[in-house]
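Below is one structure, written out as C-alpha cells, with a few remarks after it.
Residue numbers (this note's numbering): 1 to 857.
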C-alpha cells in the first residue's frame with residue numbers, strides 16, 4: 001500500500017476532481033515490483049511495475065522502468081506510462097514510512113537545517129485547495145498526519161512514454177512527457193491533449209486542448225500553437241487554432257484567453273478570427289451562431305447569418321474602471337445578425353449581454369432596416385387606421401438589473417421603436433410571449449414578510465400595446481409610485497389560542513395617461529392617489545374544517561378627480577373561507593407486490609362581500625367621479641359565493657434509479673370543479689356584450705372545470721399518455737370555452753399530440769402534432785390546425801432536422817395565418833459540444849426545429 005503523494009494530488013486537482021488523503025495505517029517502503037494489498041482503498045494508492053530505489057544526497061529516487069501504473073481509488077485516478085521518476089525528501093520520506101535513519105553522521109538531538117528554498121505546508125495546502133475549489137470541491141484538504149507528511153515529502157515527479165491519466169473512468173490527459181514540481185506549483189507536459197470538463201457538466205461541455213507544450217503555473221495553463229475544440233473526434237470537425245492561449249481555473253468553470261485565432265474545419269484553416277476571451281461554463285468561442293436561407297410567397301428569397309463572440313476582455317476592463325473590482329468578474333457576449341429579404345432590404349440586428357455575479361446583469365438590443373416593402377403581420381395600421389409604410393425602421397431596448405444588496409435590486413428597462421409595427425414584424429417571438437414593452441426604473445427591497453417598491457414608468461413612444469397585443473389608446477405612466485406590503489404579520493391571538501394575522505398594502509404615487517397621438521379622446525388625468533388596504537384574518541381549525549374569516553378596509557384618496565376637486569373613498573369587505581381535506585386508500589396484493597390507490601377530495605367554499613363602497617357609479621358601470629388607471633378605481637359593491645372541489649387519485653411510484661430510489665405519491669388523475677354564485681345577480685352579474693355577442697347574466701355564474709389524466713399502465717400500447725380537458729361553462733349560453741389536449745405514443749415510433757378548442761366566438765378548431773427520431777440523428781416534426789366550421793386549414797408546419805456531432809441543419813415548410821403566406825426555410829446551427837446552446841436566437845425566437853427564420857427579420 002502507498003500513500004497518495006502530493007504530485008498525484010496536484011495532477012488530480014489540475015485535471016479534474018481529486019479527493020483528499022486521510023489518516024491511515026503505516027505502509028511498507030515504496031519499492032516493490034508489484035502493488036501490495038491495499039488496506040484502505042478509499043485513502044491509498046498503489047503502483048504496478050518494476051522499480052529501483054536509491055538515495056542521492058538529500059533525496060530519495062524511485063525509478064519505474066518498462067511500464068508502470070499508479071492507481072488511487074480514493075482520487076478516482078489512474079496514471080499509466082512507460083517510465084517514471086519520483087524524487088522525495090530523504091528524511092521526510094523515512095518519517096513518512098517510519099524508517100529510522102541508518103546512514104549519515106549522528107545528530108545527537110540537533111534538528112536538520114532547513115532547505116535553502118522551501119514553501120511552507122500552509123502555502124502548498126493553499127495552492128492545492130485553490131485548484132480543488134476551481135473544479136467544484138467545496139471542502140478543504142483535511143489536516144491529518146498523512147496529508148501533512150505527503151505535503152512535506154515529495155519534491156519532483158517525472159513521467160514519460162505514452163503517459164495517460166484517467167479520472168472517473170474518463171481520459172483527461174495524454175502526453176509524451178510530464179514534469180511536476182509540487183513546491184513550485186508547476187506542471188509541464190509535452191505533445192499533450194488535455195480534456196477539461198466543468199464540475200457537474202455533461203460531455204457536451206467538454207473542452208479539448210492540444211499543443212506541443214503546455215505549462216501550468218498555479219491556476220493558469222499556458223501554451224503556444226494550441227488548438228481548442230469541443231469535438232472528441234481524432235481529427236476535429238471544427239477547431240480554433242491559437243497562437244497563444246491561457247486557461248485559468250475559475251469557480252466551477254475555466255476562463256480561456258486566446259490570441260491569434262484561426263478557424264479550422266476538418267484540419268484546414270479557413271479564416272482568421274479576433275482574439276477570444278470566454279468561459280467554458282457559459283460561453284462559446286465559435287463566431288457563427290446561426291445561418292439560414294428561406295423563400296416566402298410574399299417576401300421572396302431571404303438569407304442571413306448571426307455572428308457573436310464573448311467580449312470579456314473589453315468588458316472586464318470597463319467593469320474594473322467603473323467599479324474598481326477585478327476584471328475577471330465580468331461575463332458578456334455580443335452578437336450581430338445580418339440578413340437580406342428580397343422585398344424589404346437588409347436588416348441589421350445586434351445586441352450585447354453583460355453580467356457580474358452578485359453585482360449586475362442585463363442585455364441591450366438594437367435593430368435597423370431601410371424598409372422598401374410592406375408590413376404583413378399582426379399590426380399593419382396605426383391607431384388612426386392609417387397604413388404604416390415608413391421606410392426607416394428601428395428599435396432599441398435594454399433590460400438591466402443592478403444588485404444593491406442581498407435583498408435589494410434596481411431594475412432598469414427602456415424601449416423605443418420607430419413605429420408600432422416594427423415589434424411584431426421583426427421580433428415575433430418577443431411580441432407574442434414577453435410582457436408589453438415599457439420604459440421603467442424600479443427599486444425592490446424585501447425584508448422577511450415586508451416588500452418595498454419605488455418606481456417610475458414612462459412611454460418613450462407615441463403608441464403603446466394592450467395586454468392582448470393590440471394597439472392601446474393610452475399608456476398609464478407612473479411619476480413615481482411607492483408601494484409597501486406587509487404580508488401575514490401575526491399581531492395577537494384569539495381567546496381559543498389561534499393567531500390573528502394582518503396584511504397591509506400601502507401605495508402612494510402620481511399617474512397620468514399618455515395618449516396615442518391619434519386617439520380620439522384626450523383627457524388630462526394627472527392625479528396623485530394614496531391607497532391603504534388593511535386586512536385582518538383569524539385562520540383556525542374546527543375539527544376537520546379549516547376556517548379563515550377576514551375583514552378588510554380600503555381607503556383611497558385622489559388629489560384630482562373628473563370635476564377637478566380632490567376626493568376620497570372608503571370600501572369595506574368581509575368574508576369567510578371554509579375547507580377541508582378527506583382521503584381514503586385502497587390497497588391490495590398483486591403478483592408483483594403490494595399496490596395502493598389513494599383518493600383525496602378537498603372541498604372549499606368562499607364567501608366574499610364588498611359593501612359600503614363610497615362611489616356614484618352609473619348603471620353602465622363607468623365611474624363619473626374618479627379617473628380610471630386600474631381596478632382600484634372601479635371598485636363597487638359586490639357579493640360572490642364560490643364553491644370548489646378538488647379531486648386527486650394518487651398511487652405510489654418509484655422515484656430515482658433502483659439503487660437509491662424511493663417511493664412517492666403521484667397524481668395520475670386530477671379533477672377540479674368551481675362554481676360562481678351571485679346572490680345579487682342584477683347588480684353583480686348583469687348582461688354584457690363582448691365583440692357583438694351578448695352574454696346573459698344570472699344567479700349562477702360560470703362553471704370552471706379542469707381534468708388531467710396521466711396514467712402509467714403496462715397494458716397501454718404506448719409509453720406515455722396524458723389527457724387534459726379544461727374550460728368554463730355558462731348556464732345561460734352553454735359552452736363558453738372548451739380546450740382538450742391528448743398526448744400518446746410512441747406508435748410506430750411516432751409521438752402524437754392532438755388538441756381541440758371552441759369558445760363563444762369560434763365553433764371549433766382541431767390541431768394535430770407528430771414528431772419522431774430516426775437513427776438517433778434525424779428529427780421529424782409536423783403539425784397542422786383546421787377550422788371545423790369553415791372547413792379550411794388554418795396553419796401547418798413540417799420540419800426535418802439532422803443533429804450531427806457538432807452541428808445541426810434543419811429544413812421546414814410552414815403556413816402563417818397572420819400573413820397568409822407559405823415559407824420554405826433551411827437553417828444551419830453550429831453547436832460544437834453544446835457550448836453554443838445558451839445563445840439567444842436573434843432570428844426566430846426559438847430552436848431550429850420550430851423557429852421561423854424567414855419571418856423573424
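Just so it is clear, CB atoms sit at the ideal spot from N, CA and C, and this is done for glycine as well.
At the level of alpha carbons, what is the spacing between residue 186 and residue 178? Here residue 186 corresponds to residue number 186 of the chain shown, with the count starting at 1. Here residue 178 corresponds to residue number 178 of the chain shown, with the count starting at 1. If I take the Cα positions, the gap works out to 11 Å.
Sequence-distant residues of its chain with Cβ nearer than 8 Å to residue 407 (five each side left out): Sequence index remark: in the chain shown, residue 407 carries index 407 (1-based). Excluding residues within five positions, the ones whose Cβ falls inside 8 Å are 445, 446 and 447.
What's the C-alpha gap between residue 13 and residue 85? Counting from 1 along the chain shown, the entry for residue 13 is found at position 13. Counting from 1 along the chain shown, the entry for residue 85 is found at position 85. Caution is warranted here: a pLDDT of 41 is assigned to residue 13, below 50, making its placement in the model unreliable, and the coordinate value is therefore given only provisionally. About 20 Å.
Residues of its chain near residue 500, where Cβ-Cβ distance is below 8 Å and the 5 sequence neighbours each way are ignored: Taking the chain shown and counting its residues from 1, the one referred to as residue 500 is at position 500. Answer for residue 500: 490, 491, 492, 493, 494, 536, 537 and 538, listed in chain order.
DSSP three-state label for residue 432, please. Here residue 432 corresponds to residue number 432 of the chain shown, with the count starting at 1. Looking at residue 432 - three-state DSSP - the assignment turns out to be helix.
Strand pairing of residue 236, partner residues [DSSP]: Here residue 236 refers to the residue found at position 236 of the chain shown. Residue 236 pairs with nothing; no bridge assigned.
Indicate the three-state DSSP secondary structure (helix, strand or coil) for residue 895 in the structure shown. This structure does not reach residue 895, given that the chain is present from 1 up to 857, and the question cannot be answered.
Just how far apart, CA to CA, sit residue 704 and residue 785? Your numbering for residue 704 matches position 704 in the chain shown. Your numbering for residue 785 matches position 785 in the chain shown. Whole-angstrom Cα-Cα distance: 25 Å.
Secondary structure at residue 66, three-state DSSP: helix, strand or coil? Sequence index remark: in the chain shown, residue 66 carries index 66 (1-based). In the structure shown, residue 66 sits in coil (DSSP, three-state: anything other than H, G, I, E or B).
Using 10 angstroms around the beta-carbon of residue 678, count the other beta-carbons present and answer buried if the total reaches 16, otherwise exposed. Numbered from its first residue, the chain shown carries residue 678 at position 678. Residue 678 is buried by the Cβ-count criterion.
With three or more C-beta pairs closer than 8 Å as the rule, is the stretch 566 to 578 touching the stretch 604 to 616? yes
Assign residue 193 to one of three DSSP states: helix, strand, or coil. On the chain shown, position 193 is the one that residue 193 refers to. The answer is strand: DSSP assigns residue 193 an E or B state.
Residue 604 in three-state terms, based on DSSP: The residue you call residue 604 lines up with position 604 of the chain shown. In this structure, residue 604 counts as strand in the three-state DSSP scheme.
Using a Cβ-Cβ cut-off of 7 Å (strictly less than) and excluding sequence neighbours within five positions of residue 345, which residues of its own chain qualify? Counting from one through the chain shown, the residue named residue 345 turns up at place 345. For residue 345, where only same-chain residues beyond five positions count, the Cβ hits under 7 Å are 369, 370, 371 and 372.
Just to confirm the assignment, what range does the alpha helix (DSSP H) spanning residue 314 have? Locating residue 314 in the chain shown gives position 314, counting from the first residue. First-last of the alpha helix (DSSP H) with residue 314: 312 to 323.
Check each candidate in 189, 631, 587 and 227 and name the one with the smallest Cα separation from residue 556. By one-based count along the chain shown, residue 556 stands at place 556. Checked all of 189, 631, 587 and 227; the closest Cα to residue 556 is 631.
Whole angstroms are fine: how far does the CA of residue 254 sit from the CA of residue 771? Reading the chain shown from its first residue, position 771 is the one you call residue 771. Reading the chain shown from its first residue, position 254 is the one you call residue 254. About 37 Å.
With a cut-off of 8 Å, do at least 3 Cβ pairs link the stretch 464 to 473 to the stretch 434 to 443? yes
Does residue 720 pass the burial test, meaning 16 or more other C-beta atoms within 10 Å, or should it be called exposed? In the chain shown, residue 720 corresponds to position 720, counting from 1. Exposed, because fewer than 16 other Cβ atoms sit within 10 Å of the Cβ of residue 720.
Quick one, are the C-beta atoms of residue 469 and residue 432 less than 8 Å apart? For the purposes of this step, residue 469 is taken as residue 469 along the chain shown, with counting starting at 1. For the purposes of this step, residue 432 is taken as residue 432 along the chain shown, with counting starting at 1. In contact: residue 469 and residue 432 (Cβ atoms closer than 8 Å).
Name the DSSP beta bridge partners of residue 459, please? The residue labelled residue 459 in the question sits at position 459 within the chain shown. None, per the DSSP bridge assignment.
For residue 371, which three-state DSSP category applies? The residue you call residue 371 lines up with position 371 of the chain shown. The answer is coil: DSSP assigns residue 371 none of H, G, I, E or B.
Once you ignore the five residues that flank residue 383 on each side, which residues in its own chain have a CB closer than 6 Å to its CB? Position 383 of the chain shown holds residue 383. Excluding sequence neighbours, residue 383 sits near 471, 516 and 518.
Evaluate residue 523 with the Cβ neighbour count: other Cβ atoms within 10 Å of its Cβ, from every protein chain shown; 16 or more gives buried, anything less gives exposed. Numbered from 1 along the chain shown, position 523 holds the residue referred to as residue 523. Residue 523 comes out exposed.
Reduced DSSP category for residue 298 - H, G, I as helix; E, B as strand; rest coil: On the chain shown, residue 298 is found 298 positions in, with the first residue counted as 1. Of the three classes helix, strand and coil, the one that applies to residue 298 here is coil, per DSSP.
Residue 63 to residue 828, Cα distance in whole Å? The count along the chain shown starts at 1 and reaches residue 63 at position 63. The count along the chain shown starts at 1 and reaches residue 828 at position 828. Answer to the nearest angstrom: the Cα atoms are 54 Å apart.
Counting only runs of 3+ residues fully inside the stretch 770 to 804, write out the beta strand (DSSP E) ranges in chain order. 778 to 787 and 792 to 803
With DSSP run on the structure shown, which of helix, strand or coil describes residue 632? Here residue 632 is taken as the residue at index 632 of the chain shown, counted from 1. The answer is helix: DSSP assigns residue 632 an H, G or I state.
What residue from 55, 159, 54 and 60 has the CA that sits closest to residue 67's CA? Here residue 67 corresponds to residue number 67 of the chain shown, with the count starting at 1. The option with the nearest alpha carbon to residue 67 is 159.
Helix, strand or coil for residue 159 per DSSP? Position 159 of the chain shown holds residue 159. Looking at residue 159 - three-state DSSP - the assignment turns out to be strand.
Let's see if you can read the secondary structure: which residues bound the beta strand (DSSP E) around residue 684? One-based indexing of the chain shown puts residue 684 at position 684. Residue 684 -> not in any beta strand (DSSP E); alpha helix (DSSP H) instead, spanning 681 to 684.
Report yes or no: do three or more beta-carbon pairs, one from the stretch 353 to 362 and one from the stretch 323 to 339, lie closer than 8 Å? yes
Return the chain-ordered list of same chain residues with a C-beta closer than 6 Å to the C-beta of residue 752, the five sequence neighbours on each side being excluded. Working through the chain shown from its first residue, we reach residue 752 at position 752. Here the set comprises 744, 745 and 770.
Compare the Cα-Cα distances from residue 732 to each of 765, 766, 513 and 688 and report the closest residue. Position 732 of the chain shown holds residue 732. Nearest option by C-alpha distance: 688.
Bridge partners of residue 546, per DSSP? Within the chain shown, the letter at position 546 stands for residue 546. 541 and 579.
Would you check if the stretch 293 to 303 and the stretch 319 to 329 touch, i.e. whether three or more CB-CB distances between them fall below 8 Å? no
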